[in-house]
Structures are given as C-alpha cells and as structure tokens.
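Note that the sequence shown covers residues 581 to 656 in our numbering. All residues carry an ideal CB built from backbone N, CA and C; glycine is no exception. Worksheet for the structure shown next.
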Amino acid sequence: MNLDGRITIDPCKCNGKPTIRGKRIAAQTILEFLSAGDKPEDILAQYPSLEIEDIYACLKFASTLLARNYTIRKIA
C-alpha cells in the first residue's frame, strides 16, 4: 500500500508498520523524534537518505489518522 507517495505499508517490512518510501525507517520513529523536540534538520542529518518532504508526509499521515472517528469498547 502506498499512501501519498511517501508513506508505504508492506507486511514484510518493519512488521507492517508504515515506513517512508519502502525504507526500513518507520513513520513512527520520525514522529517520536519530532515529539521529543528534535528539529527536522537533526533528523535529516541522522538519516541522510530522507528528504524534508518525508518528514512532512509523516506529519500528514498522523494527522490523517487522527482525523478519523474512533470508538473504544471494553472487550472483557
């Protein structure tokens, strides 16, 4: 599955987690760096194969997920 051309989901990579352009870099990893206060420039220095658009795609992906409605049900 390819979302927005940059976020991909492949069950054979990173346990099916969304990754950036099929690389073994999970979108979650980038979001965690950002939430910890890292600047996009710092992330790009750590992952030279990434582009600034990849970081923006991670943010857009998270925003898209949060725009949905969720129902929490007690199961047991």
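From what residue to what residue does the alpha helix (DSSP H) around residue i run?
i       : result
Glu-631 : Unbroken run through Glu-631: none, as it is neither H nor E.
Ala-607 : 607-615
Judging by CA-CA distance, which residue of the options is the nearest neighbour of residue i?
i       : options                               : result
Ala-606 : Ser-643, Tyr-650 and Ala-637          : Ala-637
Glu-612 : Ala-656, Arg-653, Leu-639 and Leu-645 : Leu-639
Taking C-beta to C-beta, are residue i and residue j nearer than 7 Å?
i       : j       : result
Ile-610 : Pro-598 : no
Ile-600 : Pro-620 : no
Asp-604 : Cys-592 : The identity of residue 604 in the sequence shown is Arg, whereas the question assumes Asp. Taking 7 Å as the Cβ cut-off, Arg-604 and Cys-592 do not qualify as a contacting pair.
May I have the straight-line CA-CA distance separating residue i from residue j, to the nearest angstrom?
i       : j       : result
Leu-624 : Asp-618 : 10 Å
Ser-629 : Phe-641 : 19 Å
Asn-649 : Ile-632 : 29 Å
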